[in-house]
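Asks: Residue numbers (my numbering): 122 to 287.
Every residue gets a Cβ at the ideal spot worked out from N, C-alpha and C, and that includes glycine.
Treat the numbers as computed from the prediction; the structure is a model and nothing was measured.
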Amino acid sequence: MPMQGEDSGGLQYRIRAGAIIVDGDSMLLVQHQDDDSFGGEPWWVTPGGGVEGEESLTECARRETLEETGLSVELGRIAYVAVFVEPGWYHCEVYFVADSYSGTVQRSEAGTGIFDLDHLIKDVRFVPRDEMAGMAVHPEALKMAFWEDRASGFSGTRYLGLRKVE
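(1) Which residues bound the alpha helix (DSSP H) around L132?
(2) Could you tell me how far apart the beta carbons of V172 and I141 are, in whole angstroms, since I believe they sit closer than 8 Å?
(3) Using DSSP's beta-bridge definition, name the partner residues of G255.
(4) How about G191 and Q133: are their beta carbons less than 8 Å apart?
(5) Using 8 Å for Cβ pairs, my map puts L150 next to T167. What's the rounded Cβ distance?
(6) Output yes or no for whether 8 Å exceeds the beta carbon distance between R198 and F275.
(7) Just how far apart, CA to CA, sit L178 and G139?
(8) In this structure, does DSSP put L187 in helix, strand or coil?
(9) Whole angstroms are fine: how far does the CA of W164 sit from the CA of A257?
(10) Do H212 and V202 have their C-beta atoms within less than 8 Å of each other?
(11) From S68 to P260, what distance separates their C-alpha atoms?
(12) Determine, using beta carbons only, whether W268 and R250 come nearer to each other than 8 Å.
(13) Apart from the five residues on each side of it in sequence, which residues of its chain come closer than 8 Å, Cβ to Cβ, to F217?
(14) Rounded to a whole number of angstroms, what is the C-alpha to C-alpha distance between G130 and R284?
Here it is, written out as C-alpha cells:
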C-alpha cells in the first residue's frame with residue numbers, strides 16, 4: 122500500500138494553498154529560486170505553501186502568508202485551482218482571494234533569504250499589475266485573467282488546468 126502523499130510508482134503528491142493579496146493595482150508576490158526548478162531562473166508566486174498535518178486549506182494559506190511575508194490575512198473565496206506536474210511530483214494548488222490583511226510586509230535581512238522547502242525566497246513585494254506582464258509569474262492567470270475576474274466579481278472558481286514542467 123502506498124504511503125500518504127505517494128503512489129505505488131513513487132510519484133509524490135503535494136497540496137498547496139496560496140493567498141492572492143491585492144493593494145490597489147498591485148499584487149503581493151514572493152520570488153523563489155533554486156537550481157532544480159525552471160532552469161534555475163527565479164519565479165514569482167502568491168504567498169503560500171504545502172498543507173501540514175491535518176490543517177485546512179485556509180489555515181495553510183494563512184500560516185504560509187504569515188511565515189513568508191509577515192502579514193496576517195483574512196481569506197474569502199477560492200478563485201483558482203491549478204495542477205502542475207514535474208518529474209516525481211504532482212502538485213494541486215488552491216488560490217484564495219484575501220478579503221483583508223494587516224501588518225507590514227517583511228522579508229529576511231538583506232542577502233540572507235528565507236528557505237522554504239528547497240526554494241530560496243529572494244524577494245517579497247507588492248508588484249504593480251503592469252509590471253507583472255514581463256515577469257515569470259505562476260500560475261500565468263494571475264497576470265491578466267485575475268484582474269478581469271476581479272473586475273467582473275468572480276463568477277465562480279476557475280480550474281486553470283494541468284501544466285507540465287520539465
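Replies: Here's the rundown:
(1) For L132, there is no enclosing alpha helix (DSSP H), since its DSSP letter is neither H nor E.
(2) V172 to I141, Cβ: 18 Å. No contact.
(3) BP columns for G255 are empty, so no partner.
(4) Cβ atoms of G191 and Q133: not closer than 8 Å.
(5) The Cβ separation is near 6 Å, so the contact holds.
(6) Yes, they are a contact pair.
(7) L178 and G139: Cα-Cα distance of roughly 9 Å.
(8) DSSP, reduced to helix, strand and coil, places L187 within a helical segment of the structure shown.
(9) Taking the straight line joining both Cα atoms gives about 5 Å.
(10) No.
(11) Because the chain here runs from 122 to 287, residue 68 falls outside it and cannot be looked at.
(12) Yes, these two residues count as a Cβ contact at 8 Å.
(13) Correct list, in chain order: A138, G139, A140, I141, L178, T179, A182, L196, G197, R198, I199 and A200.
(14) In a straight line, the C-alpha of G130 is about 20 Å away from that of R284.
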